[in-house]
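S.K.: Here it is, the structure in full.
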Amino acid sequence: MSAFVFAPEIVAGVLHHMNDDHNDDNLLIARAFGDRDATTAVMTALDGEGGTWSITVGDAARDLRVEWSTSITERPEIRREIVVLYDRACAELGLEPRPHA
Numbered sequence: 009m010s011a012f013v014f015a016p017e018i019v020a021g022v023l024h025h026m027n028d029d030h031n032d033d034n035l036l037i038a039r040a041f042g043d044r045d046a047t048t049a050v051m052t053a054l055d056g057e058g059g060t061w062s063i064t065v066g067d068a069a070r071d072l073r074v075e076w077s078t079s080i081t082e083r084p085e086i087r088r089e090i091v092v093l094y095d096r097a098c099a100e101l102g103l104e105p106r107p108h109a
């Protein structure tokens, strides 16, 4: 079964928001699920099964794919799953998550 594909404008909006407003969260996710030594992380893609980040460790860049907690097909579910991923990353790194609005 292939992953649900969101409309390009939805993906573009989420990527813009994550990369402009949540750089710290991107890096937190990269360090929790990719490499603790990651120095940069940019969200590059998402679908109904997970998100993809381009992360940098030292001089090397690579893709990091992180699965959502469940399959999704609706725009509001993206935010929910990113919050779940953020909370999981905080737990993985032993950090206190900030409250969610």
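If you read the sequence shown in the working numbering, its first letter stands for residue 9, the second for the next number, and so on.
Glycine is no exception: its CB is placed at the ideal position from the N, C-alpha and C atoms.
As the structure is a computational prediction, the values presented were derived from the model and not from experiment.
(1) With a threshold of 16 other CB atoms inside 10 Å of the CB of F14, please say whether the residue is buried or exposed.
(2) To the nearest angstrom, report how far apart A38 and I63 are at their CA atoms.
(3) Using a Cβ-Cβ cutoff of less than 8 angstroms, which residues in the same chain neighbour L23 once the five nearest sequence positions on both sides are dropped?
(4) From what residue to what residue does the beta strand (DSSP E) around G58 run?
(5) Provide the residue span of the alpha helix (DSSP H) that contains A97, from first to last.
(6) Using the C-alpha atoms, what's the distance from D32 back to L103?
(7) Is DSSP giving A20 helix, strand or coil here?
(8) Can you list, in chain order, the residues of its chain with a C-beta nearer than 8 angstroms to that of F12? Leave out the 5 residues immediately preceding and following it.
M.R.: With the given structure in hand:
(1) buried
(2) 7 angstroms
(3) When the five nearest sequence neighbours on each side are left out, the beta carbons in the same chain lying within less than 8 angstroms of the beta carbon of L23 are those of M51, T52, A53, L54, in order along the chain.
(4) 58-65
(5) Counting along the chain, the alpha helix (DSSP H) containing A97 begins and ends at 83-101.
(6) 13 angstroms
(7) helix
(8) D55, G56, E57, S79, I80, T81
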